[in-house]
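Student: Read in this note's numbering, the sequence shown has 319 at position 319, and its numbers run on one by one without any break.
Before we start, here is the structure in question, set down as structure tokens.
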Amino acid sequence: MPCFETPERAAIVHDALRRRGDELRVPDRDSTSYLGRVHAPAYLAFLETAWARWLSLDTANAERQPFPSVWPVRTLRADVEPDNFIAQLGLYSFDNGTPISAGTWRAAKQAADAAVSAVARLGAGEAGVFSAGRPPGHHAGRDFMGGYCFLNHAAVAAEALRDTGCRRVAILDVDYHHGNGTQSLFYDRADVLFVSIHGDPRSEYPFYLGHADEIGVGAGAGFNLNLPLPAGSSVADWFSALDTALARIAAFRPEALVVSLGLDTYAGDPISRFALQSEDFRRLGRCLRHQRLPTAFILEGGYAVAALGANAASVIDGFEEPVSGGRP
Ligand code: ZN
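Below, the structure is given as structure tokens:
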């Protein structure tokens, strides 16, 4: 069965942006130092070499992808890396739906480079930038992959923004699925606010994080806001949650905004159950522009591939509308 997350997704978004007349740039910054801050060294080393090691086990592996079959769940030890490749894969994964292929490291690394490059242009005075890479990143944590995600590009963008002198950075995750990786990376920090609107994890992936009572810990207490909505929620309920999210972000007084732009809230998405239409994404873009913050969009999920380009372009169309004084 083919993976829902395909290279075609990025190409379709790029084509839609080109049709808008946007100038597309290739990454011109290296994300290595930020990846070292966001992810564990052993995890990065594993990811970078995983495909070569898989091939070294059996040349026939070139035609198949490795999947974990065992995980260090409760009472098992995650602090000793086993020698066995499949056991390592389980150590560094929380699901078996995140297949590694020949180009995985290169694609994920380039998407991280793109996030850093985009943030650099924000620093140069752009109001908004869009890092349209794939695979997505918001499910990836400090030392684990999952949900098609390997490297957390939104976290990399937030760290890069902190480096440009932003004292407070807000991350708004609007993907249908809770950004468990991003939440966990900033859970004990007060300088990066994480706010997420997503399908209730009682019924929706990633199931084990994303509840409303997760508010942060230590210095980060009060700097994590989850707004889970039941699967099947209306567009009106979604925008009501967005109002709540944006009010919390405004109260935080951030100096920049990172948007984990999942487009799988679209009514036609094959693996999600919200009801947004293409024109609703324009409204989302408008609402975000009204925050008057330097904004870095990072492409996350969205699996109705035929509509993905139009929906991404709609967000940018809305963001580029002139800002008036009234409500968007
Ligand atoms: Zn998603």
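The beta-carbon is built from N, C-alpha and C at its ideal position, and this holds for glycine as well.
In this text the structure is predicted, and so the values were computed from the model without any measurement.
#1: Does the ligand ZN have a heavy atom nearer than 7 angstroms to the CB of Asp143?
#2: Determine the closest residue to Tyr43 out of Ser33, Phe150, Ser117 and Phe4, with distance taken between C-alpha atoms.
#3: Going by beta carbon distance, what residues of the same chain come within less than 6 angstroms of Phe186, once the five residues before and after it are set aside?
#4: Grab me the residues of Phe281's own chain with a C-beta within less than 6 angstroms of its C-beta, minus the 5 sequence neighbours each way, in chain order.
#5: Distance check for His178 and Thr104, CA to CA, integer angstroms please.
#6: Report yes if the CB atom of Asp175 is closer than 8 angstroms to the CB atom of Gly220, and no otherwise.
#7: Could you tell me which of Asp264, Pro294, Asn84 and Pro254 sits nearest to Leu308, measuring between CA atoms?
#8: Determine the extent of the alpha helix (DSSP H) in which Thr6 is found, giving its start and end residues.
#9: Can you name, in chain order, every residue of its own chain whose Cβ lies under 8 angstroms from the Cβ of Gly218, other than the five neighbours on each side?
#10: At a threshold of 7 angstroms, does Tyr176 count as lining the ligand ZN (C-beta to nearest heavy atom)?
#11: Between the C-alpha atoms of Tyr92 and Ser324, what's the straight-line distance to the nearest angstrom?
#12: Report yes or no: do the stretch 138-155 and the stretch 20-38 share at least 3 C-beta pairs separated by less than 8 angstroms?
#13: Quick one: any contact between the stretch 220-238 and the stretch 101-119, if contact means 3 or more CB pairs under 8 angstroms?
#14: Using 10 angstroms around the beta-carbon of Asn84, count the other beta-carbons present and answer buried if the total reaches 16, otherwise exposed.
#15: Who are the near neighbours of Ser184 in its chain, counting only those whose CB is closer than 8 angstroms to its CB and skipping five residues on each side?
#16: Does the separation of the CB atoms of Leu173 and Thr182 fall below 8 angstroms?
#17: Using DSSP's beta-bridge definition, name the partner residues of Leu225.
#18: Do you know offhand how far Glu5's Cα is from Tyr303's?
#19: Which runs of the alpha helix (DSSP H) spanning at least 4 residues fall entirely within the stretch 73-155, listed in chain order?
#20: Looking at Tyr34: is its Cβ nearer than 8 angstroms to the Cβ of Glu126?
#21: Flag this pair as yes or no: are the beta carbons of Gly128 and Phe319 separated by less than 8 angstroms?
#22: Three-state secondary structure (DSSP) at Thr59?
#23: Which of the three DSSP states is assigned to Asp280 in this structure?
#24: Assign Phe297 to one of three DSSP states: helix, strand, or coil.
#25: Once the 5 residues before and after Ala236 are set aside, which same chain residues still bring their CB inside 7 angstroms of it?
#26: Tell me which residue opens and which closes the alpha helix (DSSP H) that Ser260 is part of.
#27: Which two residues bound the contiguous alpha helix (DSSP H) that contains Ala241?
#28: Quick check: the Cα distance between Ala62 and Arg134, rounded to an integer number of angstroms?
#29: Report yes if the C-beta of Glu300 is less than 7 angstroms from at least one heavy atom of the ligand ZN; otherwise report no.
#30: Going by other Cβ atoms of all chains shown within 10 Å of its Cβ, with 16 needed for buried, is Glu214 buried or exposed?
#31: So for Tyr43, helix, strand or coil by DSSP?
#32: Just to confirm, does Asp264 get its C-beta within under 7 angstroms of one of the non-hydrogen atoms of the ligand ZN?
#33: Quick check on Leu329: does DSSP put it in helix, strand or coil?
#34: For Leu35, does the three-state DSSP call read helix, strand or coil?
Tutor: Short version:
#1: By one-based count along the sequence shown, residue 143 stands at place 143. Flag unset: Cβ of Asp143 not near the ligand ZN.
#2: The residue labelled residue 43 in the question sits at position 43 within the sequence shown. If we check each option's Cα against that of Tyr43, Phe150 comes out closest.
#3: Along the sequence shown, read from residue 1 onward, the residue named residue 186 stands at position 186. The answer, listed in chain order, is Val192 and Phe194.
#4: Residue mapping note: residue 281 aligns to position 281 of the sequence shown, counting from 1. Around Phe281: Asn311, Ser314 and Val315.
#5: Within the sequence shown, numbered from 1, the residue matching residue 104 stands at position 104. Within the sequence shown, numbered from 1, the residue matching residue 178 stands at position 178. Straight-line Cα distance between these residues: approximately 22 angstroms.
#6: By 1-based counting over the sequence shown, the position of residue 175 is 175. By 1-based counting over the sequence shown, the position of residue 220 is 220. Taking 8 angstroms as the Cβ cut-off, Asp175 and Gly220 do not qualify as a contacting pair.
#7: Taking the sequence shown and counting its residues from 1, the one referred to as residue 308 is at position 308. The shortest Cα separation from Leu308 among Asp264, Pro294, Asn84 and Pro254 belongs to Asp264.
#8: For this step, residue 6 is matched to residue 6 along the sequence shown. Thr6 -> no alpha helix (DSSP H), and no H or E assigned at all.
#9: The count along the sequence shown starts at 1 and reaches residue 218 at position 218. So the qualifying residues of the chain are Asp188.
#10: By 1-based counting over the sequence shown, the position of residue 176 is 176. Correct: Tyr176 has its Cβ closer than 7 angstroms to the ligand ZN.
#11: The residue you call residue 92 lines up with position 92 of the sequence shown. The residue you call residue 324 lines up with position 324 of the sequence shown. Cα to Cα, Tyr92 sits roughly 47 angstroms from Ser324.
#12: yes
#13: no
#14: The sequence position of residue 84 within the sequence shown is 84, counting from 1. Exposed, since its Cβ has fewer than 16 Cβ neighbours within 10 Å.
#15: Residue numbering aside, residue 184 sits at position 184 when the sequence shown is read from its first letter. The answer, listed in chain order, is Gly141, Arg142 and Leu209.
#16: Here the question's residue 173 lines up with position 173 in the sequence shown. Here the question's residue 182 lines up with position 182 in the sequence shown. The question names Leu, yet the displayed sequence has Asp at residue 173. Result yes, Cβ atoms of Asp173 and Thr182 sit closer than 8 angstroms.
#17: If you number the sequence shown from 1, residue 225 lands on position 225. Val195, per the DSSP bridge assignment.
#18: The residue labelled residue 5 in the question sits at position 5 within the sequence shown. The residue labelled residue 303 in the question sits at position 303 within the sequence shown. The alpha-carbon atoms of Glu5 and Tyr303 are separated by roughly 7 angstroms.
#19: 85-91 and 104-123
#20: The residue labelled residue 34 in the question sits at position 34 within the sequence shown. The residue labelled residue 126 in the question sits at position 126 within the sequence shown. In this structure, Glu126 does not lie closer than 8 angstroms to Tyr34 by Cβ.
#21: As a first step, residue 128 must be located in the sequence shown, where it is residue number 128. As a first step, residue 319 must be located in the sequence shown, where it is residue number 319. Against a cut-off of 8 angstroms, the Cβ pair of Phe319 and Gly128 comes out as a contact.
#22: On the sequence shown, residue 59 is found 59 positions in, with the first residue counted as 1. Residue state, collapsed to three classes: helix.
#23: As a first step, residue 280 is located in the sequence shown; it is residue number 280 there, counting from the start. The answer is helix: DSSP assigns Asp280 an H, G or I state.
#24: Mapped onto the sequence shown, residue 297 falls at position 297. Of the three classes helix, strand and coil, the one that applies to Phe297 here is strand, per DSSP.
#25: The sequence position of residue 236 within the sequence shown is 236, counting from 1. There are no such residues.
#26: In the sequence shown, counting from the first residue as 1, residue 260 sits at position 260. Unbroken run through Ser260 is the beta strand (DSSP E), Ala256 to Leu261; no alpha helix (DSSP H).
#27: In the sequence shown, the residue the question calls residue 241 occupies position 241. Run containing Ala241: Val235 to Phe252, per the alpha helix (DSSP H) assignment.
#28: Taking the sequence shown and counting its residues from 1, one reaches residue 62 at position 62. Taking the sequence shown and counting its residues from 1, one reaches residue 134 at position 134. Spanning the two alpha carbons is a distance of roughly 22 angstroms.
#29: Numbered from its first residue, the sequence shown carries residue 300 at position 300. At least one heavy atom of the ligand ZN is nearer than 7 angstroms to the Cβ of Glu300, so yes.
#30: The residue you call residue 214 lines up with position 214 of the sequence shown. Glu214 should be labelled buried.
#31: As a first step, residue 43 must be located in the sequence shown, where it is residue number 43. Correct three-state label for Tyr43: helix.
#32: Indexing the sequence shown from 1 puts residue 264 at position 264. Yes, the beta carbon of Asp264 sits closer than 7 angstroms to at least one heavy atom of the ligand ZN.
#33: Look at the range of the chain in this structure, 1 to 328, and you will see that residue 329 is not part of it.
#34: Locating residue 35 in the sequence shown gives position 35, where the first residue counts as 1. Leu35: helix per DSSP, three-state reduction.
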